[in-house]
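Right, one structure below, let's go through it.
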Amino acid sequence: MSRYFLALGVALALCGCSDSSKQAGPSSTAGASATAQPADAVQSAKPAAETKDAGEKEMTEAATDAAEGQKEPAAEPAAGDTAEKSEGKGKVTVDDAMQAARKAAQAGDMKGALEALETAVADNPDDANLFIQLTGLSQQIASGSQDYDLFKKSAGFFRQALKAEPSLKENPNLGRFAGNVLYNEACALAKKDGKPADALKSLQEAVDIGWEELAQLEKDEDLAAVRELPEFAEFQSKAKASIAEKMKKELDDLFTENKPFDFKFELTDIEGKSISMADLKGKVAIIDIWGTWCPPCRMEIPHFVELQTKYKDVGFEIVGLNSERVKDRDQATQMVVDFHKENNMNYRCALADNDIINQIPDMQGFPTTLFVDRTGTVRAKVVGYHDLNKLDAIVSRLLAEKTEGDKPEAEKTEGDKPAGEPKAE
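Numbering (our numbering) for the sequence shown: 63 to 487.
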């Protein structure tokens with residue numbers, strides 16, 4: 063049985079890591095908070111417990127950033143706080159519930175945190191942020207215990223968020239997160255309830271809202287009955303076409319909206335070898351601006367390892383430029399060396415300073431991923447966690463581009479032709 067684990071680490075996956083972590087030392091952040099990003103199947107490069115802890119600390123931020131913009135987290139509750147009705151208000155406020163939930167989460171009582179949040183539902187039926195928080199927290203608990211009923215309840219929370227704020231459905235970043243929620247609901251409907259037709263409807267809803275992991279459909283034991291439905295083949299075919307069309311439009315928009323820019327660096331990597339932008343000339347490259355302290359950064363590492371393996375022999379390279387949260391450069395380097403080894407990273411990393419990072423226009427947060435073409439020009443920039451499918455699609459598009467030397471004669475412009483060659487009349 064395969065389950066998507068949507069822990070409260072989703073908060074940082076959605077939000078990215080902002081410059082609230084700015085530090086003195088060899089490197090720092092640049093810019094404001096990262097744009098909300100998808101919470102795809104969580105593939106943390108660190109043990110799950112570490113991601114969970116980070117999520118518990120940031121649990122108030124996910125929905126706020128995704129639904130209406132980043133705000134300051136609620137103050138820490140005093141000992142003995144519960145989500146009781148606020149004096150003079152006669153109802154449980156979201157802040158009351160959030161403070162009680164935060165306290166329970168920090169004590170390791172995630173079910174208690176969920177119960178605390180639920181106390182605010184009756185009095186706040188139109189608070190989309192509350193229901194997004196409930197969605198993420200219930201997914202974490204259900205994933206740990208394989209609680210099919212809670213998976214279904216979690217999907218209900220998300221639908222309530224949509225009812226409260228219909229525009230959420232148009233947010234592609236939150237849509238990918240919701241797609242995983244609906245996928246898990248489909249598994250529960252098919253496996254526990256024996257309702258494959260209803261499960262297929264949830265899968266269709268997941269695809270419509272941004273879920274793209276179609277390969278998972280073929281191997282998930284929970285969906286065996288769905289695969290036997292006569293309409294499953296047609297669903298698969300249409301889903302593939304829909305996902306391909308959406309991805310093409312997304313990439314078209316990305317390359318149109320991103321103004322190309324130059325990016326230079328000359329550094330010493332974590333193995334003591336020189337590395338520079340000039341080394342990448344003639345290759346398609348990814349430059350990952352990240353830190354070992356950043357949960358969504360760590361979540362992307364397995365994707366980069368896979369891309370490096372897949373494309374290393376066709377003129378592609380990845381370079382990680384690190385911004386660490388320690389003052390001592392030797393200590394920062396050792397942190398990256400240790401992480402690099404523990405996570406079997408197959409590409410080079412180096413510490414980057416402020417001057418290098420500040421070359422990036424509108425630097426918003428970590429991770430920031432730069433996509434470089436064969437001429438050494440940065441053609442696209444994305445902020446926050448992105449799933450493997452999107453990263454692969456961007457790299458594939460750049461690899462497919464023809465250089466001037468590869469162009470057939472008929473495609474060459476007048477300026478491309480050698481001196482002395484007759485020009486068309």
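For glycine and all other residues, C-beta sits at the position ideal for the given N, C-alpha and C.
(request) Quick one: which unbroken alpha helix (DSSP H) runs of 4-plus residues sit fully inside the region 269–321? Chain order, please. (result) 286–289 and 294–319
(request) Would you grab the beta carbon distance between Phe428 and Leu383 for me? Rounded to a whole angstrom, and I think it's under 8 Å. (result) Wrong, their Cβ atoms sit about 11 Å apart, outside the cutoff.
(request) Identify, in the order they occur along the chain, each residue of the same chain with its Cβ nearer than 7 Å to the Cβ of Asp189, setting aside the five sequence neighbours on each side. (result) Val156 and Ala226
(message) Restricting to Cα atoms, I'd like to know which of Ala287, Phe401 and Asp415 is closest to Thr330.
(response) Asp415
(message) Suppose you measure from the CA of Leu262 to the CA of Ser205; what does that come to, to the nearest Å?
(response) 21 Å
(request) Pair every Cβ in the region 388–400 with every Cβ in the region 279–290, then say whether three or more of these pairs are closer than 8 Å. (result) no
(request) Determine the burial state of Asn242: buried for a count of at least 16 other Cβ atoms within 10 Å of its Cβ, exposed for fewer. (result) So Asn242 counts as buried.
(message) Judging by CA-CA distance, which residue of Thr437, Thr439 and Phe433 is the nearest neighbour of Ser458?
(response) Phe433
(message) What residue range does the beta strand (DSSP E) around Arg387 cover?
(response) Arg387 -> no beta strand (DSSP E), and no H or E assigned at all.
(request) Please list, in chain order, all residues of the same chain as Ile203 whose beta carbon is under 8 Å from its beta carbon, the five residues on each side excluded. (result) Met172, Lys173, Leu176, Asp209 and Leu212
(request) Label Phe239 either buried or exposed according to how many other C-beta atoms from any shown protein chain fall within 10 Å of its C-beta, with 16 as the threshold for buried. (result) When all chains shown are included, Phe239 counts as buried.
(message) My output table needs one value for Asp188: the three-state DSSP class, helix, strand or coil.
(response) coil
(request) For Thr181, name the three-state secondary structure that DSSP assigns. (result) Three-state DSSP puts Thr181 in coil, outside helix and strand.
(message) Tell me which residues share the same chain as Gly237 and place their Cβ nearer than 6 Å to its Cβ, disregarding the 5 neighbours each side in the sequence.
(response) Ile271 and Gly272
(request) Measure the CB-CB distance between Leu179 and Gln195 and report whether it falls below 9 Å. (result) In this structure, Gln195 lies closer than 9 Å to Leu179 by Cβ.
(message) Can you list, in chain order, the residues of its chain with a C-beta nearer than 7 Å to that of Ala442? Leave out the 5 residues immediately preceding and following it.
(response) Closer than 7 Å at Cβ, skipping near neighbours: Leu316, Phe317, Asn320, Phe433 and Ile456.
(request) Under 7 Å Cβ to Cβ from Pro423, same chain only, skipping five residues before and after it: list those, please. (result) Phe323
(message) Excluding the 5 residues flanking Asp267 on each side, which residues of the same chain have their C-beta closer than 7 Å to its C-beta?
(response) Looking at the sequence itself, residue 267 is Glu, so the reference to Asp does not match. Closer than 7 Å at the Cβ level, and outside the excluded window around Glu267, lie Leu244.
(message) Alpha carbons only, please: which of Lys311, Pro258 and Glu379 is nearest the one belonging to Lys343?
(response) Glu379
(request) Might you give, ordered along the chain, the residues of its own chain that have their beta carbon closer than 7 Å to the beta carbon of Glu368, omitting 5 neighbours on each side? (result) Leu450
(request) Given a cut-off of 9 Å, decide if Lys372 and Asp454 are closer than it, judged by their beta-carbon atoms. (result) yes
(request) Please classify Lys452: is it buried, with 16 or more other beta-carbons within 10 angstroms of its beta-carbon, or exposed? (result) buried
(request) Evaluate Val376 with the Cβ neighbour count: other Cβ atoms within 10 Å of its Cβ, from every protein chain shown; 16 or more gives buried, anything less gives exposed. (result) Here Val376 is exposed: its Cβ has fewer than 16 other Cβ atoms, across all protein chains shown, within 10 Å.
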